[in-house]
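Chemist: Residue numbers (the working numbering): 36 to 222.
What follows is the structure in structure tokens.
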């Protein structure tokens, strides 16, 4: 490892968010050299705990050419760590969020069938806990609808969107402030 790699890795361990943001910008800005990519890889490998991975993932842009394969790897690691750290019954919101994030990253790199599988899995996880977390189910259904639409499965996508809208409509009746905008977006 180079001295710069060691330096960046040590600083990420201390500061996390701002170092991850700067690292992502550096990778994108300095395309003529591979050194920032090596720094990114070292940080992700050295700090593979769940909180660090979430922080790294949060700094990755949704549409990135230079980091798109790495964004999939980080998202896959997050799903793996969430599965390892707890059973689905106690950590379902994190697992569903991780699966939705992975589905979006897979979709961005053109791996649509895999994205669909992860989106379907997120919906399955959320259905088990729909009584206590209905908004998670609605969000997962919207994600699934987008994946189905990408694959040309319009009727299934529409049904998924309709189910999400129904859930948001029910939630907006009892709590209009947080759910009215989500209902509007789902229609």
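Glycine included, every Cβ here is placed at the ideal spot set by N, Cα and C.
What is the DSSP secondary structure of residue 193, counted as helix, strand or coil?
Modeler: helix
Chemist: Cα separation between residue 153 and residue 45?
Modeler: 33 Å
Chemist: Mapping DSSP to helix, strand and coil, what is residue 187?
Modeler: coil
Chemist: What's the call for residue 65, buried or exposed, on a 16-neighbour Cβ count within 10 Å?
Modeler: exposed
Chemist: Residue 118: which of 213, 43, 85, 69 sits nearest, CA to CA?
Modeler: 85
Chemist: Kindly list the residues whose CB is nearer than 8 Å to the CB of residue 88, restricted to its own chain and excluding five residues on each side of it in sequence; keep chain order.
Modeler: 79, 82, 109, 112, 113, 116
Chemist: Return the chain-ordered list of same chain residues with a C-beta closer than 6 Å to the C-beta of residue 199, the five sequence neighbours on each side being excluded.
Modeler: Excluding the 5 residues flanking it on each side, residue 199 has same chain C-beta neighbours closer than 6 Å at 173, 176, 177, 221, in chain order.
Chemist: So, are the CB atoms of residue 102 and residue 62 less than 8 Å apart?
Modeler: yes
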